[in-house]
Every structure is written in C-alpha cells, then in structure tokens.
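Chemist: This is the structure I want to talk about, given as structure tokens.
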Amino acid sequence: MASILRLSLFRDIAGFGAVMARIGGRRTWIALAFLVLGSLTEGVSILLLIPLLHLIGKSDQDFAIRLPDNALLHWLAPGGTLGLATVLCLLVGLVALQAGFNRFKSVYMARLLYDFVNRLRMDLFEAIGRARWGIFARSRSSDLDHALTGDIDRVQAAAFSLLMLAQTAVLLAGYLVVSLFISPVMTSFAIVIGVLMFVALRPFRSRATAYGRVLTANRQDQYRTVSEFLGGIKVAKSLNVEASYFAQLRATLEKMRADNLNYVRNSTIGTALFQVASVIGLSLFIYIALTRFHLSLAEIVVLLLVFMRIAPRFMDMQTQAQQLLINLPAYASMQGLQTRFDAEREPASQGTQGARLSLDVGLNIRDVSLAYGGLADAVEGKAVVSGITFGLPAGKVTALIGPSGSGKSTIADMLLGLLEPTQGKILADGVEIGPGNRRLWRDQVAYVPQDVFLRHDTIAANLRL
C-alpha cells in the first residue's frame, strides 16, 4: 500500500510539472537552463577560493598563482601564472555577474510562475462561465469562490515550491560537481549522508500530503460558513441566529488550528533530527578528511564550505517537497472542479451568427418535465416539474401562479433558456428552442430576476445590462 501511495504521489507531482511545462512552453526550458547556469557560476566562484587559500602562511612568495600545464590556460595567462590581484578581481567580477544574473533569473521565473497561475485561473473561470445552468443548481457558490481564490493561491505556492525544488536539486548537483574536483571520496561520503537523511524524512513528507488534504477540506468549510452568513445576513439578523454562525466558524477555526499545530509538531521533529544528523555527519567528515585522506588545509576549508552548503540544500529539498505536497491537493481539487464544468459545457450557437427567432404568435410549452438527476428521475416521479403544457401568447402578460416550491422559477428558467427540459419541448412560433439556438434565444430575452443584482459599477453600466 505504501509503495502504491508513493507511486501515486510521484504521478501527481510529475503531472503537475508536465502541466507547468506545457503552459510555459519554451520558457520553462529556458528557466531550467538558467538554473543550471546559476549553479555553475556559484560552483566556479567556490573553486576560485582554493588557489587563494593556498597562499595562506606563505609570506616568502610573490603571491603569484601557478596554473596547470595547459595550452588554453597559458594562452589566457602568458607565463603560466596569475597575479593575486587578478584572481581577486576575477572573484569579485564573477560574484557581481552572478548577483545580476540571479536577479534576472528571479524576475524571469516570477513572470513564468504568474503566467502559469493566471492561465489556470482563467481556464477554470471560463469553464465555470461556459457551463450549463443546471450544474450551478447542484454546486455551492462558496466552493467555486474558494477554488478561484483560496485554491489558486495554494496552487501558486505549489508551483513555486516545485520551481524551488528544481533549483535546489540543480544547485546541489553543482556543488557536488565542484566537490568531485577536490575529493571524489569525500564527495561520495557527503552524498551518502544527504541521501540517507532525505530518505529517513520520508514519513514527514507523507504527513504533509495528509495535512494538505485536511487543509483543503477545512478551508472549504470556512469559506462556506462565511459565504452563507454574508449572503444571508439579513435573514440571519432578522431571526437572531448570528450566534449559530459564530459557533460554526469558531469550531472550524479551532479544527484548523489543531490540525496545523499537529503538523507543525511533526515537521519540527524532522527538522531537529536533520540538524543533529548534519552535525554528526560534519564531525565524521572532518575526522575522515584529516586522519584518513590527509587533505590540505585549503582543500579541507573548501570542502567544509561545500559541505555546509550541501547539507542545507538537502533540508531545503525536504522543506520544498513538504510545501509542494501540502498544496498539491488544491490543484487536484481545482482540476476535478474544472473537469465537472467542462463536461457540462453549454453548446455553442449553430447557424448564422445573429439569426433571430421570431415571436409573433407566442411561446408553446408542450409536456415539459425537468429533473436535475436526468431522465430516469423524471420517469420515477422525482422531477422538479412534470408534464407542463400551456401557451404564452405574444403581446400579452402571462402570470404563473402557484405555491412556493411548485416550480414557477424553474419554468421561468426553462423559458429563458437557462435550463433544458428533460422531456417535452418549448417552441417559439413553432420553432423548438434547443441546444443549437438557446444562446441566440437568450440574446432576445430581457430578464428581471426577483433577487436584485447590481454590479459594483456606474448606474449607466448597470442599465446597459
């Protein structure tokens, strides 16, 4: 079961990365190239420290650094030596170039990240907007609001964590390459220690995945409570039931607090274990380097510098992996919601654009039934309206009268072309209003709802609706 779960998580992360690569296109591969180039420049700047450190304690020399017997190096530096000032200038220049490059890389990756998130947000927003009206009757508006605001923010955090995870992995590889030039054996020792620590922390990553699912459910509950209260605050105050909403939100927040504290307790155990293991590994590293391999002071100092950079990178990978796993369920929730709404996409208008349906005689409603569950529910008597037949003559006022819940608003929605009858037909001057012309029909219909809807805009903008 555990192996199946790990495989599922790997597929989820790989699928998420594939979507990022598809939306980003060529820019995704450019960003990865920037990550590789950044790790190389940082590695070279560390390697330049070795010849500088070799000069320590040698006051009887001319501070010239001898280069290896290489034609290219001798062409760059005639005489086979580099002056101390030259090396220092190279180091300063390289670090300055690296700082400028890192700034450019950060801006580039931030633009890539925001474009990815905005594309996901717009895809979901358009899927919701283009769906049939019937699916809205079966969905909570608070869940849609949460998906387009709270969930998308967590998806952005997941995308950022994935980019940082890739960057950390590339930097780690760069440091290991630098370390290999100094001591392959000690590099292998550092790799073994890092991998063992990363594997040992796997249970904490599993807990992060579980916490991510719980966090999604808790935030949906929070949004629902707040949305329902604000949407029906007039009724709530008129019935003096505000206290029940306060209690409901308080209980949800307390649950979120308890879940978060439980996760923090578990994750901090992993951090503490990593810190202890890092100190043990560092001590073993120094002992073996001095007693077994007799490395020079310069080599040991640089290896320690590399090791002190490698160890936090393993911890960064653990942290970014946990953040990715915490926020990845939000992406799954968004994708599930978008799949549902895409399946209910309203057909586009057919025929000549702008073609109109006439209404000289009137509307004819013939044996119309509607059931939200489909035809089977209508047959079994669970329809919202069933077997409705009447006519609406043109040029006259027609009123539908009946008790609350009898289906008046449902019939009005069908006449408007928002809902599609499960059975029967609605005809305008004998022409059926169906999937091919339903949107064209709505272009001709004026609708005044019983609930006032005003945009946060000017009076003119509201009148133009």
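Our numbering numbers the first residue of the sequence shown as 105 and each following residue consecutively. Glycine is no exception: its CB is placed at the ideal position from the N, C-alpha and C atoms. A quick note: this is a predicted structure, and the numbers were derived from the prediction, not measured.
#1: Any idea what DSSP makes of Ile-469, helix, strand or coil?
#2: List the endpoints of the continuous beta strand (DSSP E) containing Ser-490.
#3: Under a three-way DSSP split, which group does Ala-270 fall into?
#4: Please state whether DSSP places Ala-263 in a helix, a strand or coil.
#5: Report all residues from its chain with a CB closer than 6 Å to the CB of Asp-471; omit the five preceding and five following residues, and keep chain order.
#6: According to DSSP, is Val-95 part of a helix, a strand, or is it coil?
#7: Are Thr-514 and Val-488 touching if we call contact CB-CB under 8 Å?
#8: From Leu-266 to Phe-445, what distance separates their C-alpha atoms?
#9: Tell whether a beta-carbon distance below 8 Å holds between Leu-429 and Arg-309.
#10: Run the CB neighbour count on Gly-128, radius 10 Å, all protein chains shown included, and call it buried at 16 or more, exposed below.
#11: Since Thr-329 and Thr-356 are thought to touch, with beta carbons under 8 Å apart, how far apart are those beta carbons, to the nearest angstrom?
#12: Do you know how far the Cα of Ala-203 is from the Cα of Gln-326?
#13: What three-state label does DSSP hand Lys-512 in the structure shown?
#14: Do you know offhand how far Phe-350's Cα is from Asn-322's?
#15: Nearest-angstrom Cα distance between Met-268 and Gly-254?
#16: Could you tell me which of Met-518, Arg-225, Lys-486 sits nearest to Tyr-551, measuring between CA atoms?
#17: Can you tell me where the alpha helix (DSSP H) with Pro-580 in it begins and where it stops?
#18: What is the rounded straight-line gap between the Cα of Arg-236 and the Cα of Lys-512?
#19: Which class does Ala-475 belong to by DSSP, given the choice of helix, strand or coil?
#20: Pull up the distance between the alpha-carbon of Leu-394 and that of Ile-414, whole angstroms please.
#21: How big is the Cα-Cα spacing for Pro-525 and Pro-553?
#22: Does the beta-carbon of Met-124 have 16 or more other beta-carbons within 10 angstroms, so that it is buried, or is it exposed?
#23: List the endpoints of the continuous alpha helix (DSSP H) containing Thr-356.
#24: Would you mind giving the Cβ-Cβ distance between Phe-293 and Phe-389, rounded to the nearest angstrom? I have them listed as a contact below 8 Å.
#25: What did DSSP end up calling Ser-163 once you bin it into helix, strand or coil?
#26: Given 8 Å as the limit, is there contact between the region 556-567 and the region 498-508, that is, 3 or more CB pairs closer than that?
#27: Starting from the C-beta of Asp-363, find all residues in its chain whose C-beta is less than 8 Å away, skip the five residues before and the five after it, and write them out in chain order.
#28: How long is the line joining the alpha carbons of Leu-201 and Ala-118, rounded to whole angstroms?
#29: Which partner residues does Ile-530 have in the DSSP bridge list?
#30: Let me confirm a value: Phe-167 is counted as buried when at least 16 other C-beta atoms fall within 10 Å, else exposed. Which label applies?
#31: Below 7 Å CB to CB, which residues in the same chain sit around Tyr-435 once its five sequence neighbours on both sides are set aside?
#32: Reducing DSSP to helix, strand and coil, say where Ala-452 ends up.
#33: How many Å lie between Phe-378 and Gln-426 at the Cα?
#34: By DSSP, does Ala-118 sit in helix, in strand, or in coil?
#35: Any idea what DSSP makes of Ala-241, helix, strand or coil?
#36: Evaluate Met-226 with the Cβ neighbour count: other Cβ atoms within 10 Å of its Cβ, from every protein chain shown; 16 or more gives buried, anything less gives exposed.
Modeler: Let's see:
#1: Here the question's residue 469 lines up with position 365 in the sequence shown. Ile-469: strand per DSSP, three-state reduction.
#2: If you number the sequence shown from 1, residue 490 lands on position 386. Residues 489-497.
#3: Position 166 of the sequence shown, counted from the first residue, corresponds to residue 270. Helix.
#4: Your numbering for residue 263 matches position 159 in the sequence shown. Reduced to three states, the DSSP call for Ala-263 is helix.
#5: For this step, residue 471 is matched to residue 367 along the sequence shown. Closer than 6 Å at Cβ, skipping near neighbours: Gly-491, Thr-493, Gly-528.
#6: In the structure displayed, the chain extends from 105 to 569; residue 95 sits before or after that span and is not available.
#7: Residue mapping note: residue 514 aligns to position 410 of the sequence shown, counting from 1. Residue mapping note: residue 488 aligns to position 384 of the sequence shown, counting from 1. A contact, by the Cβ cut-off of 8 Å.
#8: Working through the sequence shown from its first residue, we reach residue 266 at position 162. Working through the sequence shown from its first residue, we reach residue 445 at position 341. Between Leu-266 and Phe-445, the C-alpha separation is close to 27 Å.
#9: In the sequence shown, counting from the first residue as 1, residue 429 sits at position 325. In the sequence shown, counting from the first residue as 1, residue 309 sits at position 205. Yes; because the gap between Cβ atoms is below 8 Å, this pair is in contact.
#10: Against the sequence shown, residue 128 aligns to sequence position 24. Within 10 angstroms of the beta-carbon of Gly-128 lie 16 or more other beta-carbons, which makes it buried.
#11: Numbered from its first residue, the sequence shown carries residue 329 at position 225. Numbered from its first residue, the sequence shown carries residue 356 at position 252. At roughly 6 Å, the Cβ-Cβ gap stays under 8 Å, so Thr-329 and Thr-356 are in contact.
#12: Position 222 of the sequence shown, counted from the start, is the residue given in the question as residue 326. Position 99 of the sequence shown, counted from the start, is the residue given in the question as residue 203. Their Cα atoms are separated by approximately 43 Å.
#13: In the sequence shown, counting from the first residue as 1, residue 512 sits at position 408. In this structure, Lys-512 counts as helix in the three-state DSSP scheme.
#14: Translated into positions along the sequence shown, residue 350 becomes position 246. Translated into positions along the sequence shown, residue 322 becomes position 218. Looking at the two C-alpha atoms, the distance is approximately 16 Å.
#15: Here residue 268 refers to the residue found at position 164 when the sequence shown is read from its first residue. Here residue 254 refers to the residue found at position 150 when the sequence shown is read from its first residue. Computed Cα separation, rounded: 21 Å.
#16: Sequence index remark: in the sequence shown, residue 551 carries index 447 (1-based). Closest by alpha carbon: Met-518.
#17: It is not possible to answer for residue 580, since the shown part of the chain is limited to 105 through 569.
#18: As a first step, residue 236 is located in the sequence shown; it is residue number 132 there, counting from the start. As a first step, residue 512 is located in the sequence shown; it is residue number 408 there, counting from the start. Each residue's Cα considered, the two are about 19 Å apart.
#19: Taking the sequence shown and counting its residues from 1, the one referred to as residue 475 is at position 371. Coil.
#20: Position 290 of the sequence shown, counted from the first residue, corresponds to residue 394. Position 310 of the sequence shown, counted from the first residue, corresponds to residue 414. Cα to Cα, the separation comes out at about 20 Å.
#21: Mapped onto the sequence shown, residue 525 falls at position 421. Mapped onto the sequence shown, residue 553 falls at position 449. Answer to the nearest angstrom: the Cα atoms are 20 Å apart.
#22: By 1-based counting over the sequence shown, the position of residue 124 is 20. Result: buried.
#23: The residue labelled residue 356 in the question sits at position 252 within the sequence shown. Per DSSP, Thr-356 belongs to the alpha helix (DSSP H) from 346-395.
#24: Numbered from 1 along the sequence shown, position 189 holds the residue referred to as residue 293. Numbered from 1 along the sequence shown, position 285 holds the residue referred to as residue 389. Indeed they touch by this definition, with Cβ atoms about 6 Å apart.
#25: Within the sequence shown, the letter at position 59 stands for residue 163. Per-residue confidence for Ser-163 stands at a pLDDT of 47, beneath the threshold of 50, marking its modelled position as unreliable; no derived number is given.
#26: no
#27: Counting from one through the sequence shown, the residue named residue 363 turns up at place 259. Closer than 8 Å at the Cβ level, and outside the excluded window around Asp-363, lie Tyr-315, Val-318, Leu-319, Asn-322.
#28: To locate residue 201, count along the sequence shown from 1; it is residue 97. To locate residue 118, count along the sequence shown from 1; it is residue 14. Leu-201 and Ala-118: Cα-Cα distance of roughly 33 Å.
#29: The sequence position of residue 530 within the sequence shown is 426, counting from 1. Partner(s): Ile-469.
#30: For this step, residue 167 is matched to residue 63 along the sequence shown. Because Phe-167 carries a pLDDT of 43, less than 50, the predicted location of this residue cannot be relied on, and the following value inherits that uncertainty. That one is exposed.
#31: Translated into positions along the sequence shown, residue 435 becomes position 331. For Tyr-435, where only same-chain residues beyond five positions count, the Cβ hits under 7 Å are Phe-120, Val-259, Ala-262.
#32: For the purposes of this step, residue 452 is taken as residue 348 along the sequence shown, with counting starting at 1. DSSP, reduced to helix, strand and coil, places Ala-452 outside both helices and strands of the structure shown, so it counts as coil.
#33: For this step, residue 378 is matched to residue 274 along the sequence shown. For this step, residue 426 is matched to residue 322 along the sequence shown. Their backbone Cα atoms lie some 14 Å apart in a straight line.
#34: Taking the first residue of the sequence shown as 1, we reach residue 118 at position 14. Looking at Ala-118 - three-state DSSP - the assignment turns out to be helix.
#35: If you number the sequence shown from 1, residue 241 lands on position 137. In the structure shown, Ala-241 falls within a helical segment according to DSSP collapsed to helix, strand and coil.
#36: Within the sequence shown, residue 226 is the residue found at index 122, counting from 1. Result: exposed.
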